[in-house]
Every structure is written in structure tokens, then in C-alpha cells.
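Input: a single structure, listed below in C-alpha cells.
There are 2 protein chains.
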Amino acid sequence: MPADPANGRREITVSDVAAAAKVSKATAARALGDYGAVSEAVRDRVRAAAEQLGYHPNALAKTMNTGRSNSIGIVVGDIENPFFGQATRGAADVAKAAGFDLILLNSDEEAGAEENAISVLLAKRVDGFLVAPASTTVPASLHPAVESGRPLVLFDRVADGLDVDTVVADNLAGARRLTELLVEAGHRRIAFISTIGHEGDYRLGDRLGSSSVNDRVTGFTAVLGEAGVPNPEAFVRLNARRDGVDAIVRSLVDEGVTAILASDSLVAQAAFRTLRDLGVAIPRDVSLVAFDDADWTSLSDPAITVMSQPIHEIGAEAARLLVRRIAGDGAPTEHLVFPQVLIERESIAPPPG
Amino acid sequence: MPADPANGRREITVSDVAAAAKVSKATAARALGDYGAVSEAVRDRVRAAAEQLGYHPNALAKTMNTGRSNSIGIVVGDIENPFFGQATRGAADVAKAAGFDLILLNSDEEAGAEENAISVLLAKRVDGFLVAPASTTVPASLHPAVESGRPLVLFDRVADGLDVDTVVADNLAGARRLTELLVEAGHRRIAFISTIGHEGDYRLGDRLGSSSVNDRVTGFTAVLGEAGVPNPEAFVRLNARRDGVDAIVRSLVDEGVTAILASDSLVAQAAFRTLRDLGVAIPRDVSLVAFDDADWTSLSDPAITVMSQPIHEIGAEAARLLVRRIAGDGAPTEHLVFPQVLIERESIAPPPG
DNA sequence: TTGAAAGCGCTAACAC
DNA sequence: GTGTTAGCGCTTTCAA
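Those sequence lines, one after another, are chains H and P.
Residue numbering for the first sequence follows the UniProt record's numbering, starting at 1 and increasing by one per position.
Residue numbering for the second sequence follows the UniProt record's numbering, starting at 1 and increasing by one per position.
Here it is, written out as C-alpha cells:
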């Protein structure tokens with residue numbers, strides 16, 4: 001007695017409806033599934049029988065035949081992170097409008113978990129993938145998705161050497177602008193903090209595991225270099241997840257850094273707390289800027305100057321692109337880049353002294 | 001040529017692997033699926049062939065036979081809301097550990113969308129449902145889920161007249177405590193604000209559409225009544241989504257209210273902004289307290305006194321319960337209630353004057 | 001327009 | 001331990 005969970009009842013099938021309506025299974029299926037040709041009379045009769053019996057179509061059986069599941073797999077770093085919450089919502093709305101549902105998996109930014117997620121989605125025969133890749137330099141975990149032939153759209157990050165559609169924000173320009181603001185205010189000792197993992201000290205030209213962080217670091221060090229700051233790479237602090245933002249900020253303050261650029265709002269939040277606990281005044285003692293217009297950044301005292309990204313739209317656009325690919329759009333690979341917008345608030349001041 | 005998307009290739013099946021390994025389909029399936037009895041030699045041979053051919057199991061076909069899809073449907077109000085982000089993450093982790101994936105749908109707190117979501121999940125033959133019901137007084141949209149015989153666990157809210165498991169926080173006690181704090185500080189004109197929809201003015205005994213908000217209002221008015229405040233129900237402001245928190249707060253200030261209890265952190269955030277824009281000092285002119293320890297509440301100036309809920313744990317526990325039910329646990333319906341914990345900060349002061 | 005029959009990829013008896 | 005044979009619930013030829 002398969003196809004039924006623990007409880008006793010058997011699901012109503014097309015056969016049951018067909019029998020009740022006194023037509024063949026094929027005809028009942030046509031009437032129920034809205035395809036092929038069915039006379040109006042028969043159609044109504046079948047529908048009535050279905051209603052009467054409480055028929056619920058089995059989408060899985062349909063998928064077995066058509067090869068289409070009407071589901072999209074989405075792999076995010078962590079759905080609890082507001083960034084992914086917003087992107088997922090944007091994607092969900094577009095997907096739903098196009099008749100797709102989302103199967104959601106968290107990767108925790110780990111390649112292993114990501115590969116696992118892809119494999120689960122592959123087994124469930126999703127029609128396409130939406131992923132914020134954990135590693136954009138070694139996107140091996142994405143290969144199975146690519147090889148499956150099902151469309152894959154990357155969002156928030158691009159991946160090296162993978163010919164797939166991507167939807168990201170202009171992190172390079174955003175980082176440049178934020179850094180310029182700090183430099184113009186007179187800062188020279190500016191630190192960049194990110195949670196991204198990286199072996200050893202950061203050196204100019206190193207490729208970071210996330211293309212977006214990579215672009216941010218590149219923009220940051222470039223502007224610093226142009227401003228005549230020697231060894232700008234020495235101001236890049238990575239591995240903040242492992243080492244702790246708190247510890248990093250403390251040592252930065254000791255080292256006399258006068259400004260901090262946080263790579264995301266979670267890092268900024270931790271840095272803000274540490275500075276406050278340390279009694280270091282923002283922006284009088286240390287200036288602080290960040291990416292993402294998280295809600296707290298406009299509520300804190302002082303409010304934080306941020307580079308805002310159209311997160312919702314990035315998710316939505318990625319889904320739109322994916323839906324088009326699923327529909328068979330064979331246009332060349334697209335790489336969409338959304339502009340970021342600066343929101344100036346009160347967290348920048350000239351360096352002290 | 002079914003079972004394959006737009007592109008040309010055909011998926012590798014158990015039959016292909018069986019042929020390559022020169023065994024029967026059944027044996028290949030046993031080796032691949034890790035069930036039944038297979039000799040080690042054959043098992044290795046089959047696995048090697050599978051690897052070689054690039055075999056990926058079709059979970060859907062498996063579901064057709066076993067009746068188990070290893071997916072759980074989760075219906076939340078809005079995944080962009082931090083509350084649901086956290087609860088979903090809690091649920092996702094437990095689900096994954098038990099071998100289940102999540103199919104995520106947003107209801108926007110509308111019964112229609114919720115019913116739709118349930119029907120989609122039913123068609124996809126999820127093994128169980130996790131839902132934060134849009135309406136707990138008229139849970140009609142949940143009936144199809146209940147009738148399907150597949151387990152359903154409600155979280156954050158209970159539903160009237162539905163014999164299903166629920167996992168919620170103790171909103172009544174939480175609201176009482178928060179209100180007591182305000183009363184003890186000397187407040188008498190205290191307003192309660194929620195986005196929940198309600199026809200006409202709130203009257204004592206009205207059942208609100210969300211059991212959690214209902215409990216909060218009940219606790220709030222009870223404490224006010226015990227403190228001798230006449231007509232406490234007059235201080236309950238609902239429909240804030242429709243009318244706007246901003247407009248409500250402005251009129252409240254005009255009416256000389258000296259304290260506000262926000263039903264959730266999103267309402268609190270909007271209220272905080274309005275008070276700030278109005279130049280009304282918190283807590284000197286108006287005290288403000290809220291539910292949920294959202295990150296901004298400890299970063300704002302002043303930091304907000306809140307009633308914190310174990311959101312992550314609520315999601316996790318709901319998933320744990322559901323997984324047990326799916327496994328066939330026939331124990332009586334459970335109603336889990338988690339305590340809320342008060343976090344005192346600086347947003348309460350005696351009323352002015 | 002309708003029906004009969006085959007088949008999607010897998011599991012589950014049952015026999016050997 | 002292995003193979004044979006039926007299905008799961010649907011769609012899809014192909015005839016009638």
C-alpha cells in the first residue's frame with residue numbers, strides 16, 4: 001500500500017475519478033489536467049466527480065512524465081541573515097508568479113554543504129537553481145548543477161570559470177565610493193573587515209572566495225593606494241568569523257586605526273557594539289561605514305553611513321532570469337550588475353587629533 | 001522523451017547502471033538504495049558503474065513508491081521578517097538532520113494565499129506541514145492539510161478548534177510583565193499597537209485573528225484593568241498595517257499617551273522612528289517597550305526594553321515535533337509553550353509631569 | 001472526442 | 001543473494 005503515509009486512507013487518483021465519471025482514465029486525466037481535447041459535457045462530469053471524491057492531483061506523478069517539477073532550488077548562506085531573507089523573498093515572489101515553488105537550503109557558506117544541497121535538489125529534479133555560491137574561486141560544488149543541464153543562476157556573487165548567468169551589485173564601485181568618503185574626510189589608517197576565510201595575510205591580487213568581497217577589497221585597496229597610503233593590503237582584516245569581529249576591532253583600535261569599513265551589516269553591527277563597549281566614540285574617535293542598509297543602521301546613535309544594495313531586486317531578477325532559462329531562452333549568458341547607492345548619515349568625521 | 005528538461009540528454013537510470021554492471025534492475029536498485037541484501041562484490045560493482053555513468057537517483061520516483069517525499073512544507077507570513085527568518089532556520093536545521101528538506105511559501109498573513117500554499121504542498125506530497133497560521137480564529141485554510149492525514153504542526157500561534165500540535169511562546173505572561181513594568185513606572189495612559197486586522201474598535205473579549213496577538217492584548221488589558229484604568233480596551237490600536245504605525249503614533253501622542261507597547265519589533269521600529277521625527281524623547285516623554293529582541297533594539301538610543309522570545313527554538317521544536325509525527329508518533333496532541341524573557345534596557349521612565 | 005496501452009524511474013513482493 | 005514481475009499516478013502515443 002504505497003503512496004500513502006502512516007494513516008490508513010488511500011489518495012484519490014485519476015482512476016477513481018474516471019470510474020466515478022464513467023470515462024477512461026485518459027479522458028479523466030485530460031479533463032483534470034486541462035490538456036488534449038475533451039467535450040464540455042464530459043469535462044464537467046469529470047470535474048464534478050473529482051470535486052465530489054476530493055481528488056488532489058499528485059504533482060510528483062506528473063513530474064515523472066513531463067520531467068518538469070515546477071520547483072526551483074535556492075541555496076543561500078543562511079536564511080536567518082537579513083540579506084538572504086530579502087533576496088529569497090524577491091525570488092519567491094517572482095517564482096510563485098511563474099508557477100514555481102522554492103526548495104530552500106542553507107549552505108552556511110561551506111562548499112561541502114553546498115554540494116550536498118545541490119545533490120538533494122538534483123534528486124528532487126528541480127527545474128533550476130538559484131545559488132549564492134559559497135566559493136566563487138573553486139566552484140566545484142556547482143558542477144553537478146551545471147552538468148545536469150538544468151539552468152543555474154548565481155546571485156550576489158559570480159564564479160570564476162563558470163559560464164552561467166549572474167546577478168550581483170556593483171561592489172567595486174560601492175567600495176571605492178565608501179573608501180573615498182573616508183579618505184576625503186582625512187583618514188589614512190582605514191581598516192576593512194570581512195568574515196570571509198583566507199589563508200594567511202591578505203596580499204594584493206589574492207583572489208578571495210567570494211567575488212563580492214573580493215571586489216570590495218579591490219576597490220578599497222585601490223582607493224587607498226591612489227591616496228598614497230603605503231601597503232593598503234595591511235589594512236585588510238579577513239577571517240572575522242574565525243577570529244571574531246570583537247577581537248579584530250580591539251586590536252585595530254590599539255593600532256590607531258581611525259576608520260573602519262565593514263563588509264556587511266552583521267560585521268558592522270558587531271564592530272559598533274565593540275566600539276561602544278570600548279568607549280570609543282563614533283565618529284569622533286573612529287569613523288564607521290558599511291555595506292547594506294540594515295534597519296539598525298538608521299536607528300543607531302550615530303546613524304551609520306552605508307552603501308545600500310537592491311537586495312530584494314537582486315533576488316527577483318535572478319529568479320526572472322532563471323524562469324526565462326527554464327522556459328528555454330537560449331540567449332547568451334547574462335551578467336547583471338545593479339548599482340549600489342550611498343546613504344550618507346553621521347558616522348564619518350575627520351580623524352581625531 | 002519525458003523525464004528530461006529542454007536539453008537533449010537523458011538521465012541515467014537504475015536500468016542503465018544495472019546493464020552496465022550486468023545485474024538485474026532490482027539488484028542494482030538494492031545496491032544503490034542501500035536496502036535489501038546484496039553481496040559486497042556486486043554492491044561495489046554496481047556502485048562503480050553508477051559512479052562511472054554519473055548516476056543521480058530520482059527522488060521523485062522513489063517517492064512514488066514509498067509515499068514519502070522527505071520534504072516538509074513550511075508556510076510563513078513573510079520570510080523577509082526576521083522573526084520568520086529565525087524560525088525557519090531553526091526548523092531547517094532540525095529538518096535537515098532528520099533527512100528532510102523545506103519547501104517554503106509566504107502567506108503574507110492572508111488566508112487565501114495560505115490555502116493556496118497548502119494545496120501546492122499537498123500536490124507535492126510533502127510529508128508534513130509547518131505553519132504559522134494567518135488566521136487562528138478561522139483556520140479553514142488548514143483543513144485540507146489536516147484532512148490529508150499528513151501531520152501538521154502550528155508555530156507561533158494556536159488555532160481554535162483544531163486538534164493539532166502547537167509550539168508557541170507565553171505571550172500572555174509576557175504581555176502582562178511588560179505592562180506591569182509600565183504601570184509600576186507610573187503610567188496609566190498606555191497604548192498597545194499591532195498590525196493585525198480587526199473590524200471596528202477593539203472590545204474586551206473580541207477574538208483576534210492571531211492567537212499570539214490575542215494573548216498579548218488580553219494580558220495588556222488585564223493588567224491595565226487590575227491597575228484601575230477604566231476602559232483599557234480603548235488603548236488597543238489594531239489595523240496598523242492598514243492605517244500606518246506612523247499615523248497611529250502621531251494621534252497617540254496628541255491624545256497624551258505616555259507609553260507604548262509594540263506588539264512586534266517591526267511596529268516598534270516604526271514607532272521609534274515616528275517618535276524621533278516628532279521630537280518626542282524616549283523615555284522622557286514617552287516610554288516604549290516591545291516584543292522580540294531584534295538587533296536594533298540594543299543598538300538604538302535609547303536601547304529598548306523588550307520581551308524576548310526563543311524564536312529559533314520555537315522553529316526547531318516545531319520541526320522536531322513534526323518529524324516525530326511523520327515517523328508515526330501517535331502520542332496525544334502537544335501544546336508547547338516557551339517562556340519569554342524580559343530584557344530591561346533604557347526605554348522606560350516615569351510619565352512626564 | 002475518446003479509449004487502450006505503454007512507460008516515466010523506482011520499490012516491493014515473491015520466487016528461485 | 002539475485003532475478004522477475006507488478007505496480008505508484010500520471011501523461012502520451014496510437015487507434016478507433
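Just so you know, even glycine gets a beta-carbon here, dropped at the ideal spot from N, CA and C.
| Check | Outcome |
| --- | --- |
| Alpha carbon to alpha carbon, how far is R157 of chain H from H312 of chain H? | 15 angstroms |
| Taking only runs that begin and end inside the segment 110 to 180 of chain P, name each unbroken alpha helix (DSSP H) of 4 or more residues, in chain order. | 111 to 123 and 143 to 147 |
| For a contact defined as C-beta to C-beta under 8 angstroms, what are the partners of K124 of chain P on chain H? | A59, L60, S71 and D101 |
| Comparing C-alpha positions only, which one of P:S347, P:V213 and P:L154 sits nearest to V76 of chain P? | P:L154 |
| Quick one: list the residues of chain P neighbouring R89 of chain H, beta-carbon separation under 8 angstroms, in chain order. | D78, I79, E80 and N106 |
| Once you ignore the five residues that flank G73 of chain P on each side, which residues in its own chain have a CB closer than 6 angstroms to its CB? | I103, L121, V126 and F129 |
| In chain P, which residues lie less than 9 angstroms from S212 of chain H when you measure between Cβ atoms? | Under the 9 angstroms cutoff, chain P gives no residues; its nearest Cβ is about 20 angstroms from S212 of chain H. |
| Could you check whether the Cβ of P2 of chain P sits closer than 9 angstroms to any Cβ belonging to chain H? | With a pLDDT of 39 at P2 of chain P, under the threshold of 50, the predicted position of this residue should be treated as unreliable, and no value is reported. |
| Measure the Cβ-Cβ separation of L288 of chain H and R177 of chain H and say whether it is below 9 angstroms. | no |
| Going by DSSP in three states, A3 of chain H sits in which element: helix, strand or coil? | Since pLDDT at A3 of chain H reaches only 36, below the 50 mark, its modelled position is unreliable, and no value is offered. |
| Tell me which same chain residues have a C-beta within less than 7 angstroms of the C-beta of V23 of chain P, skipping the five on either side of it? | V42 and V46 |
| Would a C-beta distance cut-off of 9 angstroms place T258 of chain P and D277 of chain P closer than the cut-off? | no |
| Excluding five sequence neighbours on each side, which residues of the same chain lie with their C-beta closer than 8 angstroms to the C-beta of A303 of chain H? | T297, R345, E346 and S347 |
| What does a CB cutoff of less than 6 angstroms around A169 of chain H pick up in its chain, not counting 5 residues either side in sequence? | Q309, F338 and Q340 |
| According to DSSP, what are the bridge partners of H335 of chain P? | P:T166 |
| Mind checking if V306 of chain P is an interface residue toward chain H, Cβ cutoff 9 angstroms exclusive? | no |
| Assign R325 of chain H to buried or exposed, taking buried as 16 or more other Cβ atoms, counted over all protein chains shown, within 10 Å of its Cβ. | buried |
| Taking 9 angstroms as the CB-CB limit, is S298 of chain P close to chain H? | yes |
| What residues in the UniProt domain "HTH lacI-type" (12 to 66) of chain P bring their beta carbon closer than 9 angstroms to a beta carbon of chain H? | G54, H56, P57, N58, A59, L60, A61, K62, T63, M64, N65 and T66 |
| Who are the neighbours of F235 of chain P on chain H, taking C-beta pairs under 9 angstroms? | What F235 of chain P touches in chain H: nothing, since even the nearest Cβ is about 25 angstroms away. |
| Within the same chain, show all residues whose beta-carbon is closer than 6 angstroms to that of K25 of chain P, passing over the 5 residues directly before and after it, in chain order. | V14, S15 and A18 |
| Does the Cβ of D163 of chain P have 16 or more other Cβ atoms within 10 Å, making it buried, or fewer, making it exposed? | exposed |
| Within the same chain, show all residues whose beta-carbon is closer than 6 angstroms to that of A268 of chain P, passing over the 5 residues directly before and after it, in chain order. | A262 and A290 |
| Exposed or buried, G90 of chain H, counting other C-beta atoms within 10 Å across all chains shown (16 or more means buried)? | buried |
| Just to confirm the assignment, what range does the alpha helix (DSSP H) spanning A20 of chain P have? | V14 to A21 |
| Give me the Cβ distance between residue 355 of chain H and E233 of chain H, rounded to the nearest whole Å; I'm assuming they're in contact under 8 angstroms. | For chain H, the structure presents residues 1 to 353; residue 355 of chain H sits outside this window and is missing. |
| Which residues mark the beginning and the end of the alpha helix (DSSP H) in which R259 of chain P is found? | Here residue 259 of chain P turns out to be Ala, not Arg, going by the sequence shown. Not the alpha helix (DSSP H): A259 of chain P falls in the beta strand (DSSP E), residues A259 to A262. |
| What are the residues of the segment 278 to 295 of chain P that lie near chain H, defined by any Cβ-Cβ distance shorter than 9 angstroms? | A294 and D295 |
| Quick one: list the residues of chain H neighbouring D301 of chain P, beta-carbon separation under 8 angstroms, in chain order. | S300 and D301 |
| For F84 of chain H, which residues in the same chain have their Cβ closer than 8 angstroms to its Cβ, ignoring the five residues on either side in sequence? | V76, G77, D78 and A132 |
| By the 8 angstroms beta-carbon criterion, what residues does the segment 250 to 279 of chain P contribute toward chain H? | Q269, F272 and R273 |
| What do you get for H187 of chain H, buried or exposed, if any count of 16 or more other CB atoms within 10 angstroms of its CB means buried? | buried |
| Would you report the Cα separation of I248 of chain P and Q52 of chain H, rounded to the nearest angstrom? | 48 angstroms |
| Between E115 of chain P and S141 of chain P, how many whole angstroms is the CB-CB distance? I'm expecting something under 8 angstroms. | 4 angstroms |
| Hey, T221 of chain P and L204 of chain P: beta-carbon distance below 9 angstroms or not? | yes |
| Quick one: which chain P residues come within Cβ less than 8 angstroms of Q86 of chain H? | E80 |
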